[in-house]
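*Asks:* I'd like to ask you about the structure that follows.
Protein chains: 2
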Amino acid sequence: MSRKRFDDMPCSIARTLDLVGDWWTLLVIREAFLGVRRFSEFHDHLGIARNILTDRLRKLVAEGILVQQPKAPPRRGTEYRLTEKGRDLWSVLTALRLWGDKWVYGAGKEPLIVRERASGAAVAQLLPADAVGRPLDPRGLVALPGPGTPPEVVARYAPKRA
Amino acid sequence: MSRKRFDDMPCSIARTLDLVGDWWTLLVIREAFLGVRRFSEFHDHLGIARNILTDRLRKLVAEGILVQQPKAPPRRGTEYRLTEKGRDLWSVLTALRLWGDKWVYGAGKEPLIVRERASGAAVAQLLPADAVGRPLDPRGLVALPGPGTPPEVVARYAPKRA
DNA sequence: GCACATCGGTTTCGTGACGCAACCAACTTG
DNA sequence: CAAGTTGGTTGCGTCACGAAACCGATGTGC
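Quick mapping for you: the protein sequence lines, in order, are chains L and S.
With numbering that gives the first Met the number 0, you'll find the first sequence wraps up at 161, consecutive numbering, no jumps.
With numbering that gives the first Met the number 0, you'll find the second sequence wraps up at 161, consecutive numbering, no jumps.
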C-alpha cells in the first residue's frame, strides 16, 4: 500500500513528478546547480537525513540525472555532477523560483537572483516559445491530446454536451 | 517528527515546494488548468483517495491558489477555480511537462500538446527573459544572493579559498 | 411521499516513507 | 597510532497517505 505511483498515467507532468517530485529531490538538484558536489555538502546545506540523502542520490544516479565519480587521486571521496538530463531541469527550478519570488517573498525580497553576466539583466519570467525560439502568445494557447494519450482519457475531457 | 518543513529556508524553490510540492497537489492544479471544477471529477480523473483530495483542496483554497464557490442555484455542489496565483503556476507545470516530453516519452510521443491557436505552433521550450520580455542568453547566466539571503548562507557557497 | 442516486465529504484502519541518532569502515592527517 | 573526514548503514518511532466504509444534504423518479 505504498504511495500511488504516477508512472502509468499518460502525462508528462505526472511522470516527471514520479522521478523528481518528492520533498527532497528538487532541492538536491538545486544544490547541484549551485555547485555542490559532495555528500557532506548536500547534507550540511539541506539538513536532510543521511539515509534519505543516500537514497535520493542513488535514485538520481540510477535515473541518469546525476553521475557519481570518484575524485581525482589526490582528493578523496566521490562527487556527484549533473548530467545533461539533470541540467535540463533548469526550467523547472526556475519556474518554481520565480513563482516563489512573486507569491511568497514579493518583489525586492528574493533570496536568489539570476542575472545575465553581460547585461546584468535578471531573469524575471519564462516565455513559451516554439521549437526555433519564436515567442508564443500565452493568451492564445490551447491544449489538445498528443499521440501518447489513449482515447478513453481524451473522452474524459470532452464537453458533456457539445 | 513530521516531514521536515521548508518554510524556514531562504529559497523560493523550497518555499514553493512547501506549498505545492507534494505528490498530488500539482496534479490537482493540472486538472484545474484542463477545466476540472468539481470534487468528483478530480477524484475520478486522478484516482486520488477522497480524504487526501479533501485535504489538498482545502489547503489550496487556504493558500489562495484555488477558490471554492457554490454553483449558481439551479446546479448543486461547489466548484473549485484557479485564482491568478494559481494560474501563475502555468510555467511550473509547463516546465515539468516539457521535461517529461523530452526525457520520459521522447519526441513524437507526447501525451499532451499545447499550441498557439493562431499559428498552430506548439510550445516547445521556455525561454528566460528579463522583466520586459527581452530574451536572455541561458549560457551567460550567473546566480547570486538577493536581498532575502542571510549572510551566513551566502558564506556557505563562497569558494573555500579564493 | 418515499425510495434512491449524487455530491462532497468524514472516519477508521493499516502500511510505508521519512526524521533522528547511533554506529561503522576506509582513508588521511597530526 | 589516535583522531578526524567522508560516505555511508541500521534501528526505531511517528506521521502521511491509500483503501474502503459510512454519512448527511440535496435533488429525482414514480
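Every residue gets a Cβ at the ideal spot worked out from N, C-alpha and C, and that includes glycine.
#1: Please state whether the Cβ-Cβ distance between Ala-31/S and Gly-85/S is less than 8 Å.
#2: From Glu-62/L to Arg-138/S, what distance separates their C-alpha atoms?
#3: Arg-29/S and Leu-92/S look like a contact to me (Cβ under 8 Å); what is the Cβ gap, rounded to whole Å?
#4: When you compare only the Cα positions, how much space is there between Pro-150/L and Pro-144/L?
#5: Tell me, please, whether the segment 101-109 of chain S touches the segment 105-118 of chain L by the rule of three or more beta-carbon pairs shorter than 8 Å.
#6: Using the beta-carbon count (16 or more within 10 Å), is Leu-163/S buried or exposed?
#7: Short of 9 Å Cβ to Cβ, which residues in the segment 109-128 of chain S face chain L?
#8: Go through its chain and collect everything with a Cβ distance to Gln-124/L's Cβ below 7 Å, but skip five positions before and after it.
#9: Mind checking Pro-146/S: buried by the 16 CB within 10 Å criterion, or exposed?
#10: Can you confirm whether Leu-52/L, when its beta carbon is compared against all beta carbons of chain S, has any partner nearer than 8 Å?
#11: Taking DSSP as the reference, what is the three-state secondary structure of Ala-142/S?
#12: Out of Arg-4/L, Phe-5/L, Thr-15/L and Pro-9/L, point me to the one whose CA is closest to Ser-90/L's CA.
#13: Name the DSSP bridge partner or partners of Thr-77/S?
#14: Under 8 Å between beta-carbons, which chain S residues line up against Ser-11/L? List them in chain order, please.
#15: In whole angstroms, give me the CA-to-CA distance for Lys-58/L and Leu-95/S.
#16: Should Gly-132/L be labelled buried (16 or more other beta-carbon atoms within 10 Å of its own) or exposed?
#17: Give me the chain S residues within the contact set of Ala-61/L, using Cβ-Cβ distance strictly less than 7 Å, ordered along the chain.
#18: Alpha carbon to alpha carbon, how far is Lys-101/L from Pro-134/S? Give it in angstroms, no decimals.
#19: Kindly indicate if chain S contains any beta-carbon less than 8 Å away from that of Lys-84/L.
#20: Tell me whether Pro-110/L is buried or exposed, calling it buried when 16 or more other Cβ atoms sit within 10 Å of its Cβ.
#21: Please state whether DSSP places Val-113/S in a helix, a strand or coil.
#22: Please report the residue range of the alpha helix (DSSP H) in which Ala-13/L lies.
#23: By DSSP, does Ala-128/S sit in helix, in strand, or in coil?
#24: What residue from Ile-12/L, Phe-5/L and Leu-26/L has the CA that sits closest to Ser-11/S's CA?
#25: How big is the Cα-Cα spacing for His-42/S and Asp-21/L?
#26: Using a Cβ-Cβ cutoff of less than 7 Å, which residues in the same chain neighbour Val-153/L once the five nearest sequence positions on both sides are dropped?
#27: Using the DSSP secondary-structure output, state which residues sit across from Pro-137/S in a beta bridge.
#28: Could you give the DSSP three-state label for Ala-121/L: helix, strand or coil?
#29: Out of curiosity, what's the CA-to-CA distance linking Ala-48/S and Arg-55/L?
#30: Please classify Thr-53/L: does DSSP put it in a helix, a strand, or coil?
#31: Which word fits Thr-77/S, buried or exposed, when buried means at least 16 other C-beta atoms lie within 10 angstroms of its C-beta?
#32: Taking 8 Å as the CB-CB limit, is Arg-14/L close to chain S?
*Replies:* Well, looking at it:
#1: yes
#2: 25 Å
#3: 6 Å
#4: 9 Å
#5: no
#6: Coverage of chain S is limited to positions 0 through 161, which leaves residue 163/S absent and any answer about it impossible.
#7: Glu-109, Pro-110, Leu-111, Ile-112, Val-113, Arg-114, Glu-115, Arg-116, Ala-117, Ser-118, Ala-120, Ala-121, Val-122, Ala-123, Gln-124, Leu-125, Leu-126, Pro-127 and Ala-128
#8: Leu-97
#9: exposed
#10: no
#11: strand
#12: Thr-15/L
#13: Pro-69/S
#14: Leu-95, Arg-96, Leu-97, Trp-98, Gly-99, Asp-100, Val-103, Tyr-104, Glu-109, Pro-110 and Leu-111
#15: 18 Å
#16: exposed
#17: Simply none; closest approach about 14 Å.
#18: 20 Å
#19: yes
#20: buried
#21: strand
#22: 11-19
#23: strand
#24: Leu-26/L
#25: 21 Å
#26: Pro-144
#27: Pro-137/S pairs with nothing; no bridge assigned.
#28: strand
#29: 26 Å
#30: helix
#31: exposed
#32: yes
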